[in-house]
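Notes to accompany the following structure.
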Amino acid sequence: MMPGQTSSLRLPSFLHGTFRSVQQKTRREGLRCGEQYRKDGTFPEPQQLLEVPPGEVVLTHEVVDIQRERPAWRLYMVSNLMGHLSETSSGEGLNPFPMRNDYETYFRETAWGSLFFATTYLHPMSAERMAQRLHAVLRFWEPLQGARYLFKKLGATHTLEELMVAACGWALDAWSPEKEASVQVRLEKAAERMARASRDDSIEAILRQMSRALSSERDLKHRQVLADPIFQREGLATLDPVSFERVSGACTAELLALLFDWDDKIGVH
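For the sequence shown, counting from 1, position 11 maps to 12 in our numbering; every step adds exactly one.
Structure (structure tokens):
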């Protein structure tokens, strides 16, 4: 356990309650954070942290939140908070991206923030950003193990290890395919490899994940061409640095977007 950490998981009080109450509290917290950030470029700490009793369930994805009148730990509602960061009292929106990036950087250094950013699909999903997110979760591994989690399947309560496989299995398959090791060890290897990945390293990870991306989508018109490793490698070689950075983590959703782009271009020629 890292110095200064507690052995139990604590979440901000604004993430606990009925759906409506958490919605209201996270909006207020987002406005509070946005106001301070605009003043001095910093974020305030949550006003209260509550201990999650051992074994209690934390909701990490909206699709499993079907009992909205029931008080619960609603971690996924951090996204609602972030949606209000750029609001102003005058109603004029600001560019949200620098503020959201800074919010992630700051609160990724908390147990609750590390888990939210590792298990929630938020751009960028590059190798560099995902390495930072996985390293953060690993720093808080012990307290995060105390809770149980609901992700995308109703009634399927996950341990931390099971949650990370469900949410980040694509990263494990692409960057740490050695399945005989524990989930924690595989995450450590994946994070280290992502952090120091060259363009060639990312290409090899992407090629390992292409079959998974192809199998998850039935609407691609030129599947046989797209499935050719030579075609994939040549296509990746033509990407400009910004486009390549977007797919460098080998996230399945990002690869699907790339495949659809290639599919459309094949149809033109």
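All C-beta atoms in this analysis are idealised placements derived from N, C-alpha and C, irrespective of residue type, glycine included.
In this structure, does DSSP put valine 65 in helix, strand or coil? DSSP places valine 65 in the helix class (H, G or I) of the three-state scheme.
Burial state of aspartate 174, where buried means 16 or more other Cβ atoms lie within 10 Å: Buried.
Check whether the Cβ atoms of tyrosine 77 and cysteine 34 sit closer than 8 Å, and answer yes or no. One thing to note: tyrosine 77 has its Cβ no nearer than 8 Å to the Cβ of cysteine 34.
Buried versus exposed, by CB contacts within 10 Å (16 or more), asparagine 81: Note on asparagine 81: 16 or more other CB atoms within 10 angstroms of its CB, so buried under the neighbour-count rule.
Applying the 10 Å Cβ sphere with the 16-neighbour rule, what's the burial state of valine 138? Buried: at least 16 other Cβ atoms inside 10 Å.
Bridge partners for proline 13 per DSSP, in chain order? Beta-bridge pairing links proline 13 to Leu50.
Quick check: the segment 60–79 against the segment 112–124, are at least 3 beta-carbon pairs closer than 8 Å? A contact exists between the segment 112–124 and the segment 60–79.
Can the beta-carbon of leucine 260 be found closer than 8 Å to that of leucine 208? No; because the gap between Cβ atoms is not below 8 Å, this pair is not in contact.
Quick check on the burial criterion: 16 or more other C-beta atoms within 10 angstroms. Buried or exposed for serine 127? By the neighbour-count definition (other C-beta atoms within 10 Å, threshold 16), serine 127 is a buried residue.
What would DSSP say about tyrosine 104, mapped onto helix, strand or coil? The answer is helix: DSSP assigns tyrosine 104 an H, G or I state.
Judging by CA-CA distance, which residue of Lys180, Leu164, Lys190 and Ala112 is the nearest neighbour of glutamate 143? When C-alpha distances from glutamate 143 are compared across Lys180, Leu164, Lys190 and Ala112, the shortest belongs to Ala112.
Residues that glycine 31 bridges to, as DSSP identifies them: Beta-bridge pairing by DSSP links glycine 31 to no other residue.
Look up leucine 188 in the DSSP assignment and say whether it is helix, strand or coil. Helix at leucine 188.
Strand pairing of threonine 160, partner residues [DSSP]: Note: threonine 160 sits in no beta bridge, so no partner.
Near valine 79, which residues of its chain fall below 6 Å by C-beta distance, leaving aside the five closest residues on each side in sequence? Excluding five sequence positions before and after valine 79, the CB atoms of its chain that fall closer than 6 Å to its own CB belong to Phe117, given in chain order.
Alpha-carbon spacing of arginine 101 relative to glycine 31, whole angstroms: Arginine 101 and glycine 31 have their C-alpha atoms some 11 Å from each other.
Tell me, which residues are paired with arginine 75 by DSSP? Arginine 75 is bridged to Leu60.
Have a look at glutamate 129 and arginine 71 and give me their C-alpha separation to the nearest angstrom. Going from the Cα of glutamate 129 to the Cα of arginine 71 covers about 38 Å.
Residue(s) in a DSSP beta bridge with glycine 170: None, per the DSSP bridge assignment.
From which residue to which residue does the beta strand (DSSP E) around arginine 149 run? That run of the beta strand (DSSP E) goes 149–151.
Counterpart residues of glycine 18 in DSSP-defined beta bridges: In DSSP, glycine 18 forms a bridge with Ala73.
Tell me whether leucine 155 is buried or exposed, calling it buried when 16 or more other Cβ atoms sit within 10 Å of its Cβ. Exposed, since its Cβ has fewer than 16 Cβ neighbours within 10 Å.
With 16 other Cβ atoms within 10 Å as the buried cut-off, status of alanine 168: Classification for alanine 168: buried.
For tryptophan 171 and glutamine 210, believed in contact at Cβ under 8 Å, the rounded distance: 6 Å between Cβ atoms; contact.
So arginine 187 and serine 203 are in contact, right, with Cβ under 8 Å, and what is the actual spacing, rounded? No, arginine 187 and serine 203 are not in contact; Cβ-Cβ is about 18 Å, not under 8 Å.
For valine 66, which residues of its own chain have a beta-carbon under 6 Å away from its beta-carbon, when the five flanking residues on both sides are left out? A small fix is needed here, since residue 66 is aspartate in this sequence, not valine. Result list for aspartate 66: Leu60, in chain order.
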